[in-house]
Amino acid sequence: MDFAYTYTKEQEEFRQEVRTWLEENIPENMKAPVDRLDLSEEHYTFWRAMHQVLAEKGWLYPTYPKEYGGGGLSGEHETIITEEFERAKVVGDFTQSFIYPTLLVWATEEQKQMFLKPILKAEKVAFQSFTEPNAGSDLASLQSRAVRDGDDWIITGQKTFISGHGDVDYLFGPIVTDPDAPRHRNLGYFMIPCPSEGLELQRLNLLTGHDQSFIFMDNVRVPGDHLIGGETEGWQVAQTTLEIEHGGRGAAFPRDEAMDNLLDYVKNTKRNGEKLGDDPLIQQDAMAAYIDSHIHTLLSWRNYWMYQAREEMTYEGSQQAMYRKVYRMTNADRARNIMGMYSMLGVDEPRAPFEGQPEVYQRSSLTGAHPGGTIEIQKVIIARRIGISRTRERAAATPSTAGVSGV
Ligand SMILES: Cc1cc2nc3c(=O)[nH]c(=O)nc-3n(C[C@H](O)[C@H](O)[C@H](O)COP(=O)(O)OP(=O)(O)OC[C@H]3O[C@@H](n4cnc5c(N)ncnc54)[C@H](O)[C@@H]3O)c2cc1C
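What follows is the structure, encoded as structure tokens:
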């Protein structure tokens, strides 16, 4: 049986249109750098403006409804756009995209106009603001507090490891609204405007650079209409965000550049006059890496298909997230076995293979194990959903399963 996907003539014409437009409009020096650390202010300014142009064309968020700034296009269009963006080294939107499904499911019509539309049109940027110093894996232990003041809320507390460029318009996430209520019934979900008086953002220097921040909130005033969902429904709203973050939308085009480069290296490198691929130990590692990468691709496609087909998921999202986190670290080990120390030469080193991409992979595979729930937490979720845990849980509502138009 042939599993290869064939596109229609209309779809191939659309691909050509996207490809040509990108070739004509993305200058060579603005393409995504190999190391995200090298994303300059010039890049940032260019891409903030370019994302708005791409949104206007309907290509930035292809499948989201047009009335909220999306493209109103199909899943096939999204696949084509994703492939072409990857090919043209387009820098992704700066908003953490989990907010869109959350707003589609939970926001009122007025809130969709106020938040979803400008964010989907890339005029505003929003970051996911969940983790606190004492609430990571155990998110329900949040301590940041929101207190009613007339129509407004006054928020005090801390968030940490918040990803994104320092320039942000909204921080979205759960905050305690009723400290006396039981767990999971004590939170509200807020869109906190930035900048705000009393809100300070301090950059954190992780292994992969300055893409994370500490957030300090000292009596930050937030308007009442910035609460998404009910006053104590924040846990349920947050579950929609996490459902998507945990792999519940799959991926239209999960390209694995590290894998492509590794195979290229094995095929085209000679050591002591012998082709690297002739060494049986190298073959073993390269093959295992390829199989793991391919399994992840299949899991991503399956989830993407399930999401588009509005199939109810149980463990599938977390299965993909867990597999990705594990195999990327294993493949980083294999890349070190195969490339040796060359896998650790950074982007500025002339001898670095693939312009230093393998070294970036060594770092990002490690930091990537944490965001959106660690490997252990994905296992806990899978156990709950396949019925072998003390507690049972169902997948949270997403635009796909909630029947919202545009997914
Ligand atoms: C690069 C990066 C980007 C991030 N971006 C964001 C962001 O944008 N927004 C945001 O809100 N947060 C973000 N985070 C934070 C991330 O969500 C947390 O790091 C993660 O949820 C784990 O929380 P923790 O670091 O407090 O670890 P802890 O919860 O303290 O866990 C420590 C260790 O104990 C294990 N563990 C904990 N509980 C259990 C259990 N029940 N069973 C088995 N093992 C367990 C964990 O797996 C982990 O290995 C980011 C983190 C990183 C590294």
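Those letters in the sequence shown? Residues 28 to 434, per this note's numbering, in order.
Ideal Cβ positions, reconstructed from N, Cα and C, are used throughout, including at glycine.
Since the model is a prediction, treat every value here as computed from it, not as a measurement.
query, result
"Supposed close pair G98, W86 - CB separation, criterion 8 Å", "6 Å"
"With 16 other Cβ atoms within 10 Å as the buried cut-off, status of Q405", "buried"
"Sheet register partners of T72 (DSSP bridge)", "Answer by DSSP bridge pairing: none, since T72 is not bridged."
"Integer Cβ distance of T129 from A173, believed to fall under 8 Å", "That belief does not hold up - the Cβ atoms of T129 and A173 are roughly 18 Å apart, past 8 Å."
"Where V264 sits in the DSSP three-state scheme", "helix"
"Beta-carbon gap between Y350 and I322 smaller than 8 Å", "yes"
"Backbone CA spacing between P281 and K36 [nearest angstrom]", "24 Å"
"Nonlocal neighbours in the same chain, by C-beta distance under 7 Å from S168, ignoring five residues either side", "N161, A162"
"Sequence-distant residues of its chain with Cβ nearer than 8 Å to K139 (five each side left out)", "Y95, L130, L131"
"C-alpha gap between I1 and G261, whole angstroms", "Because the chain is modelled from 28 through 434, residue 1 falls outside the range shown and cannot be assessed."
"Cross-strand partners of R62 (DSSP beta bridge)", "Sequence inspection shows Asp at residue 62; the Arg mentioned does not correspond to that position. None; D62 has no bridge partner."
"Rounded distance between the beta-carbons of A348 and H397, thought under 8 Å", "Incorrect: roughly 12 Å between the Cβ atoms, too far for contact."
"Unbroken alpha helix (DSSP H) run spanning S223, endpoints", "Counting along the chain, S223 falls outside any alpha helix (DSSP H), and DSSP gives it neither H nor E."
"Heavy atom of ligand 1 within 7 Å of H397 beta-carbon", "yes"
"Assigned exposure category for E386 - 16 Cβ within 10 Å defines buried", "buried"
"Cβ-based neighbour list, F381, same chain, cut-off 7 Å, excluding 5 preceding and 5 following", "N288"
"Cβ contact check for the stretch 289–296 and the stretch 149–159: 3 or more pairs under 8 Å", "no"
"Whole-angstrom distance between A153 and N364, CA atom to CA atom", "39 Å"
"Rounded separation between I108 and K58 - CA only", "16 Å"
"Check: E260 C-beta below 7 Å from any heavy atom of ligand 1", "no"
"Near ligand 1: L233 beta-carbon under 7 Å from a heavy atom", "yes"
"Distance cut-off 7 Å: Q185 Cβ against heavy atoms of ligand 2", "The model on display carries ligand 1 but not ligand 2."
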